[in-house]
Amino acid sequence: MSPARLRAWVVIIILVLVVLGWGLFTLGRSGIGAGDTGPVSTPATLRQAIRERDELIESLRRSVAELEMLKGSQDRERQEVARAIGELQAEVARQRQQLEFYKGVVASTEPAPDVAIRNFRIERATSAGHAQLRLSLVQPGNPQSIVSGRIKVILEGARAGRPVRVSLLEIPYSFRYFENIDRELPLPDGVSPERVQIEVEPSGRPGRPVVQSLLWPL
């Protein structure tokens, strides 16, 4: 349901509530709530007024139920779309990083990086205030020796309306062929996460670090 239609439903319900309140007020004045008696307070008149109020209340109840159902459906659709967009953006980032890696190998005069990011994910952690890092590093080509360097995890987001970059983790690596890294990342207080970035810096070799980022999925 579109925002315009949702607002229209809200306006309709408000109008119905106003009519209902006025009807109950006039019904009270006719003698039900105040204990007054008079020519208007006949049994037939009161029964008719009660029937009209019952019909109005039932109509309002149905309208509210329909509105809640449509609103819940809209919220679920938004969540599913946001999750799908996040997954697609993560895949695009991974493919772009791999493309840049191979373009660099072919066209650059710099030595090719001796490490590549095979998989990079952020998941919910078991500890409160943390996120779980899943990272897989590989040696491209035909590995001949152990590679080593440092891994940096940087969180990008906002604090008090201002953009910030916060280092979540910095650890060394040393492996041959491949390495899988699972670590809990402490999340800083007061920061609304937007994106997370991995930087892999090989040691003892010139050139830029291997970088990959994705939108914050949690």
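FYI, the numbering for the sequence shown is 185 to 402, going by this note's numbering. All residues carry an ideal CB built from backbone N, CA and C; glycine is no exception. Treat the numbers as computed from the prediction; the structure is a model and nothing was measured.
Legend entry - Whole-angstrom C-beta distance between L339 and Q384, which should lie under 8 Å: Note on identity: in this sequence residue 384 is Val, with Gln being the wrong assignment. With 8 Å as the limit, V384 and L339 do not qualify as a contact, their Cβ atoms being about 17 Å apart.
Inset, instruction - Within the same chain, show all residues whose beta-carbon is closer than 8 Å to that of R302, passing over the 5 residues directly before and after it, in chain order. - result: Excluding sequence positions up to five before and after R302, its CB lies within less than 8 Å of the CB of S320, L321, V322, F362, all in the same chain and listed in chain order.
Inset, instruction - Could you name the residues of the same chain whose beta carbon sits closer than 6 Å to that of P401, not counting the 5 residues immediately before and after it, in chain order? - result: Taken in chain order, the residues that qualify are G270, I306.
Inset, instruction - Between the Cα of L352 and those of S358, N364, E368, spot the shortest distance and give me the residue it belongs to. - result: Closest by alpha carbon: E368.
Legend entry - Three-state class that DSSP yields for A249 in the structure shown: If DSSP states are grouped into helix, strand and coil, A249 belongs with the helices.
Inset, instruction - Enumerate in chain order the residues of its own chain whose CB-to-CB distance from S376 is below 8 Å, with the five nearest sequence positions on each side excluded. - result: Within the same chain, Cβ atoms closer than 8 Å to the Cβ of S376 are found at G341, A342, R343, the five residues on either side in sequence being excluded.
Legend entry - Same chain, Cβ closer than 7 Å to P386, neighbours up to 5 away in sequence not counted: These residues qualify, in order along the chain: P297, D298, V299, V331, G333.
Legend entry - Simplified DSSP assignment, three categories, for Q381: Here DSSP, grouped into helix, strand and coil, assigns Q381 to strand.
Inset, instruction - For A266, count neighbouring C-beta atoms within 10 Å of its own C-beta (all shown protein chains included) and say buried if the count is 16 or more, exposed if not. - result: Exposed, by the Cβ-count rule.
Inset, instruction - Could you check the C-alpha separation between D259 and A268 for me, to the nearest Å? - result: A direct Cα-to-Cα measurement between D259 and A268 gives close to 14 Å.
Inset, instruction - Report the three-state DSSP secondary structure of Q316 (helix, strand or coil). - result: If DSSP states are grouped into helix, strand and coil, Q316 belongs with the strands.
Inset, instruction - Indicate the three-state DSSP secondary structure (helix, strand or coil) for L272 in the structure shown. - result: L272: helix per DSSP, three-state reduction.
Legend entry - Rounded C-alpha distance that separates E242 from A249: Annotation: E242 to A249 spans about 11 Å, alpha carbon to alpha carbon.
Legend entry - Own chain partners of A348 with C-beta closer than 7 Å, once the 5 adjacent residues on each side are dropped: Contrary to the premise, residue 348 reads as Val rather than Ala in this sequence. Excluding positions up to five away in sequence, the list reads G341, A342, V375.
Inset, instruction - Please report how far the alpha carbon of S358 lies from the alpha carbon of I365, in whole angstroms. - result: For S358 and I365, the distance between alpha carbons rounds to 11 Å.
Inset, instruction - Label L272 either buried or exposed according to how many other C-beta atoms from any shown protein chain fall within 10 Å of its C-beta, with 16 as the threshold for buried. - result: In the assembly as shown, L272 is an exposed residue. Its beta-carbon has fewer than 16 other beta-carbons within 10 Å.
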